[in-house]
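Below: the structure, in structure tokens.
Protein chains: 2
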Amino acid sequence: MKQHIAGSEVQTKGKLAKFSSYLMNLKTTEEKNEALAKIAEQLLLEKEEIIEANKKDLENGKKQGLSDAILDRIMLNEQRIQAMVDAIHQLIELPDPVGEVLESFTKENGLQIEKRRVPLGVVCMIYEARPNVTVDAATLCLKTGNAVILRGSSSAKESNIALVSCIHRALEKTSLPVDAVQLIEDTSHETASELFHLKEYIDVLIPRGGKKLIDLVVREASVPVLETGAGNCHVYVDQSADYDIADKVVINAKTQRPSVCNAAESLLIQEDWFNEHGKKLLESLQDAGVKIIGDEKVCKVLPGASPATEEDYATEFLSLTISVKIVKDVDEAIDHINHFGTKHSEAIITNDERNAEKFLNRVDATSVYVNASTRFTDGFEFGYGAEIGISTQKLHARGPMGLPALTSTKYYIRGNGQIRG
Amino acid sequence: MKQHIAGSEVQTKGKLAKFSSYLMNLKTTEEKNEALAKIAEQLLLEKEEIIEANKKDLENGKKQGLSDAILDRIMLNEQRIQAMVDAIHQLIELPDPVGEVLESFTKENGLQIEKRRVPLGVVCMIYEARPNVTVDAATLCLKTGNAVILRGSSSAKESNIALVSCIHRALEKTSLPVDAVQLIEDTSHETASELFHLKEYIDVLIPRGGKKLIDLVVREASVPVLETGAGNCHVYVDQSADYDIADKVVINAKTQRPSVCNAAESLLIQEDWFNEHGKKLLESLQDAGVKIIGDEKVCKVLPGASPATEEDYATEFLSLTISVKIVKDVDEAIDHINHFGTKHSEAIITNDERNAEKFLNRVDATSVYVNASTRFTDGFEFGYGAEIGISTQKLHARGPMGLPALTSTKYYIRGNGQIRG
């Protein structure tokens, strides 16, 4: 049964989520997994209704002139619903972090202290476009004993309503509170603003989307934020780099999926290596369809390259464009990355163990690679089995976030009358 | 040598701190400990100058009519300087968390992934009154490979300048960058505001002080914040509570040091227990000098008790006042605590194992006690050897924060040309 409380949509749903979070945190792994299985089942039962609702979003999107790329992100079909269902079944198989005892000790005075993993409470996700995030976020939060408030974009509104209704119908058949999953249907700026300050009911806010969204959340929100996202990632080709490794890593990091945060946006090349192999590498990028904007040295040797500005070096293109700069040595590369990078994923191609160590230690980023593609920064690639997002901040979790990132800790202390002297 | 850069004080010192943080994160444990020892030595060498400077703060404070309690917090003497020095020597003995490998695995494709502890970078502390926080914060940050920006209060300005100059003179004799410790001398609101948004140079901001300061920081800051502090802590006396344990724990939690965040501010008593033992317990509190404000039932039986308002139940008195409320059972106690508490430290006195479990699981706080005083929530009492503060938020660290709370993590990934398929 849903409870009814008066107030604005955000206030009301915030309060319901908070209530439910106090029930959620007592649910067993078994109860939570059963509920996840029910959600998977219900998604298949209601797939036609979901696809119908999605069609409305696509029609609205076309009317509003959304690009084909965005329409494709919004689009749901049987295959994509099956993919959501498969992801839920994988999630069921993952260990439940809640309840894990992280520390346990008995003090001289007899106090028994345990540090246990507990759910965060209420997680709020603010996200753009893709409706599969709705199901992903809801199921990851339920698995970790949290309640969740979902605030998707207007472009996927009908799909999100259909998906969350479906989740609610599934939860009705389980021991989990239906109110543990809340969708804010009003997608105006006002509801986002209200969520930014809903400290009473929200324990953590996770924005997922473009740089503009994340910047807005970080600037405005007074609730704690888990910052995910923007990746101005570099590959630095060192003096001693093996040509073949440089070529395949750079091509992969740039072109395998240019629209994602762990794709490379900028290429730094040590000048001696550049003089010997640079033209060949850049032509290889051009052959792969990449547009090159570079510094003077690059433009001089490469027909078709355009000059790069300071701003270009700070830009996450998310497309087949790369900025290229020639540097004196690994130190200049590191300084450039620490200045222009977004602290996401950074790679060095080198055969020099000392430069590799220097790069690993001095580059300030979640994930630093030696002789491998930046594209591996991903919860699944790291083997975490699930991913809430990639944290680019330094608190709580850094890099790909698996289920433990959706938990906090609590000290359980048992005594028999101990007082402090 | 100090570097010189143009700009506002906050901008300039922020930049210097950031520069230094890239040097600090490479320093070995030995280098850092040597520097700490030098700081301890220099504090003793300069103790007279420091006490002289402190006298100016005390004189200014008296002129401004500061209370004796606050003047005592500001006051430095030989003994207190010796206490700072002793704390540094204890810090030297603690293990350095930086470099610890938290996870390590090799993927099927041969990628070797290590998750290592690394410094946060630049820590900014905004704090009130006590000048020993200046030395504490600086040495804790240096031990963990961070640079630190200190912004104390105007009432300890001269003391803080003397202490940081002393630290700088000590660092001149070491391999650590002098600029790793920055003091913002301008204690106007403008510098605090500027620090709240100095995202480019600050990795985490830790406010230490009263509720007003912390609320301001949480509301305003766009840099990541580690929230420490306010504690509206409860003791709940359950139906089955042992009288002697209830008496000694309540007295200890309320009176042993009423001005600190883990002191009890509110007492909840199960009604049957109250009918039998309540008056005796409350008189025992009165005998210990505690002023009681309570609900109707309390006021009815206890001469000298005043009526409590809703606001009183939400108040952190930090003095010898306690609010008292009679509740039906453990569930009502838990609901009251989750509504009025600040999620700091909460205790139940009970002989009922089921109610103990319920309380431990359902109360939403950093540290939940069964039959022991809330006063134990403390880094030293827990055995962490140092304390940056007590986190009352759920991200990163929760409860007493030791040295690991001043670190982040980074993935070190080594390959031989792996690309993503």
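From first to last, the protein sequence lines stand for chains E and W. Quick note: the first sequence uses this note's numbering, first residue 5, plus one each step. Quick note: the second sequence uses this note's numbering, first residue 5, plus one each step. Glycine included, every Cβ here is placed at the ideal spot set by N, Cα and C. As the structure is a computational prediction, the values presented were derived from the model and not from experiment.
- Beta-carbon to beta-carbon, Thr232 (chain W) and Ser71 (chain W) are separated by about 23 Å, too far to satisfy the 8 Å threshold.
- In this structure, the beta-carbon distance from Arg212 (chain E) to Met79 (chain E) does not fall below 8 Å.
- For the C-beta of Ile273 (chain E), not a single chain W residue is nearer than 7 Å; the gap to the nearest is close to 17 Å.
- Bounds of any beta strand (DSSP E) do not take in Gly235 (chain W), whose DSSP letter is neither H nor E.
- For Leu48 (chain E), the uninterrupted alpha helix (DSSP H) run begins and ends at 33 to 49, by DSSP.
- For Phe200 (chain E), the uninterrupted alpha helix (DSSP H) segment begins and ends at 193 to 200.
- In this structure, the beta-carbon distance from Glu269 (chain E) to Ser327 (chain E) falls below 8 Å.
- Near chain E, meaning a CB-to-CB distance below 9 Å, the residues of the region 379 to 405 of chain W are Arg379, Phe380, Thr381, Asp382, Glu385, Phe386, Gly387, Gln397, Lys398, Leu399, His400, Ala401, Arg402, Gly403, Pro404.
- Counting only Cβ-Cβ distances below 8 Å, Asn150 (chain W) has no contacts in chain E at all, with the closest Cβ about 11 Å away.
- Beta-bridge partners of Leu209 (chain W) (DSSP): W:Cys128, W:Val229.
- Per DSSP, the beta bridge partners of Phe109 (chain W) are W:Ile117.
- Closer than 7 Å at the C-beta level to chain W, one finds these residues of the region 213 to 228 of chain E: Val222, Arg223, Ser226, Pro228.
- The Cβ neighbour count for Lys347 (chain W), taken over all protein chains shown within 10 Å, is at least 16; the residue is labelled buried.
- Contacts with chain W (Cβ-Cβ distance below 9 Å) from the region 194 to 211 of chain E involve His201, Lys203, Asp207, Val208, listed in chain order.
- Runs of the beta strand (DSSP E) lying entirely within the region 253 to 283 of chain W and spanning at least 3 residues, in chain order: 268 to 274.
- Pro408 (chain E) sits in a helix when the DSSP states are folded into three classes.
- Residue range 185 to 187 is occupied by the beta strand (DSSP E) that includes Leu187 (chain E).
- The way I'd put it, the region 400 to 418 of chain W doesn't touch the region 134 to 143 of chain E; fewer than three beta-carbon pairs between them come closer than 8 Å.
- In this structure, the CA atom of Ile297 (chain W) is about 7 Å from the CA atom of Thr325 (chain W).
- Under the Cβ distance rule, Gln243 (chain W) does not count among the residues neighbouring chain E, no pair being separated by less than 8 Å.
- For Tyr373 (chain E), the enclosing beta strand (DSSP E) stretches over residues 371 to 376.
- Counting of Cβ neighbours within 10 angstroms places Lys362 (chain W) among the buried residues, the total reaching 16 or more.
- Non-local C-beta neighbours of Lys301 (chain E) in its own chain, meaning closer than 6 Å and more than five positions away in sequence, comprise Ile330, ordered along the chain.
- DSSP places Glu350 (chain E) within a strand segment (E or B) once states are collapsed to three.
- Contacts with chain E at 8 Å (Cβ-Cβ) do not include Gly293 (chain W).
- The beta carbon of Lys42 (chain E) sits closer than 6 Å to those of Ala174, Lys177, Thr178, all from its chain and outside the five residues before and after it, given in chain order.
- Following the DSSP letters along the chain, one finds Ala91 (chain E) inside the alpha helix (DSSP H) bounded by residues 82 to 97.
- Around the CB of Lys284 (chain W), fewer than 16 other CB atoms lie within 10 Å, so the residue is classed as exposed.
- Note on Ser192 (chain W): under 16 other CB atoms within 10 angstroms of its CB, so exposed under the neighbour-count rule.
- The Cβ atoms of Tyr317 (chain E) and Phe344 (chain E) lie closer than 8 Å to each other.
- Listed along the chain, the chain W residues whose CB falls inside 9 Å of the CB of Gln260 (chain E) are Ile423, Arg424, Gly425.
- Looking at W:Ala57, W:Gln116, W:Ala196, the one whose alpha-carbon comes closest to that of Glu13 (chain W) is W:Ala196.
- Taking the CA atoms as reference points, Leu399 (chain E) sits about 32 Å from Ser159 (chain E).
- With its beta carbon less than 8 Å from one in chain W, Ala376 (chain E) belongs to the interface.
- By the neighbour-count criterion, in which a residue is buried when 16 or more other Cβ atoms sit within 10 angstroms of its Cβ, Asn266 (chain W) is buried.
- Bounds of the alpha helix (DSSP H) holding Thr143 (chain W) are 136 to 147.
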